[in-house]
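> Protein chains in written order, with this note's numbering: chain A, 42 to 150; chain B, 4 to 119. Sharing a structure below in C-alpha cells format, with a few things to ask.
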Amino acid sequence: GQNIDQPTEMTATEGAIVQINCTYQTSGFNGLFWYQQHAGEAPTFLSYNVLDGLEEKGRFSSFLSRSKGYSYLLLKELQMKDSASYLCAVDQAGTALIFGKGTTLSVSS
Amino acid sequence: KAGVTQTPRYLIKTRGQQVTLSCSPISGHRSVSWYQQTPGQGLQFLFEYFSETQRNKGNFPGRFSGRQFSNSRSEMNVSTLELGDSALYLCASSLVSRQGGVYEQYFGPGTRLTVT
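Have a look at this one:
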C-alpha cells in the first residue's frame, strides 16, 4: 500500500531547532517535497529532494534517505512566523503526488 | 509577476448539481495540477495537465474531470455533487511537468466548495 507518516503536532520555542520527520511507503518514487501551509492559506514550496543527503536553504534544510523511506525537515532559529502546517509529499513515478496529513508546528515565545 | 488565480473563491452548491472551477496559472507556466484538501483526508492529488494533455491522475471517481486550454488556463468540473465533495480545491502551476525536472509548484488561494 501507500502510506506517508508524519507527527500530527509539534511544539517548540523561538530560537530553537526542530526536526519534522516523514516516513513513506509508496509503490514508486521520483522525489520528495516539503511544503509549508499557514492556516487559511495555500501551501508554499519549501524543498524537493531526489537524491540521498541533506539540502540546505537558509534556515530550512531537508534530508532524504531513499533506502530507509525517510525524510526530515530541519528548521533552525525558529521564529513565530514558522507556526504552520508542514506537508511531506512523495512524487510517485508517473502517477500521483501523495501527501502526508501534515505536521502542525506551534512556536511559542 | 502575478500569482496563480482561482475563481470563484467560494461556492455553495446542492447535492446532484455540477460545478466548474477555474484556474489561471502564472504566466509562462504550462503545468497545472489540481488538489482537494479536507480536514480528514488532507491534501489529495486530482490530476495534472501539461500543454493541454492530462499527464497524471489521482484516485478520484470519474465525476471529477478537467481540461486545459491553449493559454494554459485550466478548469475542473465535478458532476453530480455529493456532500463529501465539500472541500478546498487548490490549483498549482509549474514551469515544467513532473517529468520535466525540478518541479516547483506555486499554489493558488483555492476555491472553497460547500455542498448542501
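Here a beta-carbon is modelled for each residue, glycine too, at the ideal position from N, C-alpha and C.
What separation, rounded to the nearest whole angstrom, lies between the Cα atoms of Asp93/A and Val118/B?
43 Å
> In angstroms, rounded to a whole number, what distance separates the CA positions of Leu84/B and Gln57/B?
Those two C-alpha atoms are separated by around 22 Å.
> What does DSSP give as the partner residues of Gln77/A in its beta bridges?
DSSP links Gln77/A through a beta bridge to Thr85/A, Tyr127/A.
> Please tell me whether Ala80/A has its Cβ less than 8 Å away from any Cβ of chain B.
no
> What are the complete alpha helix (DSSP H) segments, minimum 4 residues, inside the segment 6-53 of chain B?
none
> Cβ of Pro48/A less than 8 Å from any chain B Cβ?
no
> Under 7 Å Cβ to Cβ from Val81/B, same chain only, skipping five residues before and after it: list those, please.
Gln21, Val22, Arg66, Phe67, Asp88
> If we define contact as Cβ-Cβ less than 8 Å, is Pro112/B a contact residue for chain A?
yes
> Closest to Ser103/A by C-alpha separation, out of Ala125/A, Gly110/A, Trp75/A, would be which residue?
Trp75/A
> Return the bridge partner residues of Gly94/A from the DSSP annotation.
Leu105/A
> Look at Leu115/A and Ile58/A and say whether their C-beta atoms are less than 8 Å apart.
yes
> Taking Val59/A as part of the beta strand (DSSP E), name the residues at either end of that continuous run.
59-66
> Within a Cβ cutoff of 8 Å, which residues of the same chain sit near Thr54/A, ignoring the five residues on either side of it in sequence?
Cβ neighbours of Thr54/A within its own chain (closer than 8 Å, five residues either side excluded): Leu119, Val148, Ser149, Ser150.
> Over what stretch of residues does the beta strand (DSSP E) that includes Gly69/B continue unbroken?
67-71
> So, for Lys98/A: in the same chain, excluding its five sequence neighbours on each side, which residues have a beta-carbon less than 7 Å away from its beta-carbon?
Ser88
> Where do the N-terminal and C-terminal ends of the beta strand (DSSP E) with Asp88/B fall, by residue?
Taken as a continuous stretch (DSSP letters only), Asp88/B belongs to no beta strand (DSSP E), as it is neither H nor E.
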